[in-house]
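> Counting from 49, one number per residue, gives the positions in the sequence shown under the working numbering.
Heads up, the beta-carbon is just placed ideally off N, CA and C, and yes, glycines get one too.
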Amino acid sequence: MAALGNKQALAAASDITSAKAALIDIELVLRGPSQGESGGYIPPDLNPWVRVQMEGIRSHLTQYSNPNSVTYGKWALSARQAAIAAGRDVYCARRFANLSREYIASRKVLPINPYETWKKSMLADKDLANDIREHLQELGKFITADKLVDYLSREDVMDKHGLDKKISVRMARRYLNDLGYRFTAEKKGQYSDGHERDNVVYYREEVYLPSLKGFQDHSCMFDADGSVTTPSLPPGVRRTVIWYHDESIFYAHDRRRKSWYHKDANAIPYKKGDGASYMVADYFSADFGWLRTRDGHPVAR
49 MAALGNKQAL AAASDITSAK AALIDIELVL RGPSQGESGG YIPPDLNPWV
99 RVQMEGIRSH LTQYSNPNSV TYGKWALSAR QAAIAAGRDV YCARRFANLS
149 REYIASRKVL PINPYETWKK SMLADKDLAN DIREHLQELG KFITADKLVD
199 YLSREDVMDK HGLDKKISVR MARRYLNDLG YRFTAEKKGQ YSDGHERDNV
249 VYYREEVYLP SLKGFQDHSC MFDADGSVTT PSLPPGVRRT VIWYHDESIF
299 YAHDRRRKSW YHKDANAIPY KKGDGASYMV ADYFSADFGW LRTRDGHPVA
349 R
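Structure, rendered in structure tokens:
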């Protein structure tokens, strides 16, 4: 194979058919395995180093093999376009050309750095990455970038993994993203307290819902497009207007609960609020809107 810095690395093109086949294979790797009947895909377990290489290969082969690309069939120009998309220069284009050619030939990713000055991520060390994951699981919902910095600065951790430098908070945030964490609000499931008690289920299924269905049979029905279906009622039977009670409860300890949560974490059931509560309630109907007095006031005593 030509030297990495040799201009022939850009000029020696692979055929379109082989490039398309390799592109399909690398797309499958980057997409990850299927989750089965539930739909979607499981993110592949790739360290950042390999992911950058494979995304560069994908970009290069897409530019080269897609008939809609302005560099279709032009190996060197496609590599340069891939490098430009990555915010890099001709040096990176040569690296992408070598990576793509080797992947087409063997489906292997060469251990070369396409960014020249980009240092290999700590997360490329699988033992260290696993230790970080375990530490983050222990932190639970109290994960922060500062705590990751503190963990990687511990003497025992540095000795175990041969670390000689501490990382910055900015780098810790990048590592959290690479590990699949996102700084966002926690996903919330249904309330966990009381909704599935036997007496509650019985009342809902045997009393409330049948009664509501009886009222709905005597009420106007509103479709999503705004059209109204009027019930067909016997003579002397009046139409029913259903008024719904809407309430919001605010708790003394409610606050923004943003933290680092894994992007694949499921919503968990939670108990209704903490501390003293304040209820805001109102009534509304599909027929008349919010309940008001005859003169339009929202409050009356």
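Could you tell me whether the Cβ atoms of Leu71 and Ser113 are closer together than 7 Å?
Yes, the Cβ-Cβ distance between Leu71 and Ser113 is below 7 Å.
> Which residues share a DSSP beta bridge with His310?
Looking at the DSSP assignment, His310 forms a beta bridge with Tyr229.
> Roughly how many angstroms lie between the CA atoms of Lys311 and Asp93, to the nearest whole one?
Taking the straight line joining both Cα atoms gives about 14 Å.
> Report, in whole angstroms, the separation of the C-beta atoms of Ser333 and Val285, which I expect to be a contact under 8 Å.
Contact flag wrong, Cβ pair sits at about 19 Å.
> Does the distance from the C-beta atom of Ala67 to that of Leu125 stay below 7 Å?
For Ala67 and Leu125, no; Cβs fall outside 7 Å.
> Would you say Trp97 and Ala145 are within 7 Å of each other, going by their C-beta atoms?
Result no, Cβ atoms of Trp97 and Ala145 do not sit closer than 7 Å.
> Starting from Ser62, follow the beta strand (DSSP E) in both directions and report where the run begins and ends.
Run containing Ser62: none; DSSP gives neither H nor E here.
> Got a sec, what are the start and stop residues for the beta strand (DSSP E) Met327 sits in?
Element bounds for Met327: Ser325 to Ser333.
> Suppose only complete runs of 4+ residues qualify. What are the alpha helix (DSSP H) ranges in the stretch 171–198, listed by chain order?
Complete alpha helix (DSSP H) runs here, min 4: 174–187.
> Can you name, in chain order, every residue of its own chain whose Cβ lies under 6 Å from the Cβ of Leu200, other than the five neighbours on each side?
Only Ile215 meet the Cβ criterion.
> Within a Cβ cutoff of 7 Å, which residues of the same chain sit near Ser148, ignoring the five residues on either side of it in sequence?
Cβ neighbours of Ser148 beyond the five flanking positions: Ile105, His108 and Leu109.
> Are the CB atoms of Ala153 and Ala193 within a distance shorter than 7 Å?
Taking 7 Å as the Cβ cut-off, Ala193 and Ala153 do not qualify as a contacting pair.
> For Leu260, count the other beta carbons within 10 Å of its own beta carbon; 16 or more makes it buried, fewer makes it exposed. Which is it?
Leu260 should be labelled exposed.
> In whole angstroms, what separates the C-alpha of Leu355 from that of Leu78?
This structure cannot speak to residue 355, because the chain is shown only from 49 to 349.
> Should Ala141 be labelled buried (16 or more other beta-carbon atoms within 10 Å of its own) or exposed?
With 16 or more Cβ atoms within 10 Å of its Cβ, Ala141 is classed as buried.
> Please classify Arg143 as buried or exposed, where buried requires at least 16 neighbouring CB atoms within 10 angstroms.
Label assigned to Arg143: buried.
> For Tyr229 and Gly121, I'd like the C-alpha separation in whole angstroms.
In a straight line, the C-alpha of Tyr229 is about 39 Å away from that of Gly121.
> Using DSSP bridges, identify the partner residues of Trp338.
Paired residues: Phe332.
> Taking the beta carbon of Met327 as the centre, do at least 16 other beta carbons fall within 10 Å, making it buried, or is it exposed?
With fewer than 16 Cβ atoms within 10 Å of its Cβ, Met327 is classed as exposed.
> Consult DSSP for Ala50 and reduce its assignment to one of helix, strand or coil.
Confidence in Ala50 is poor, its pLDDT being 40 and thus under 50, which makes the residue's placement too unreliable to answer from.
> Between Ile297 and chain C, is the shortest Cβ-Cβ distance under 7 Å, so that the two count as touching?
Among the chains in the structure shown there is no chain C, since it carries only a single protein chain.
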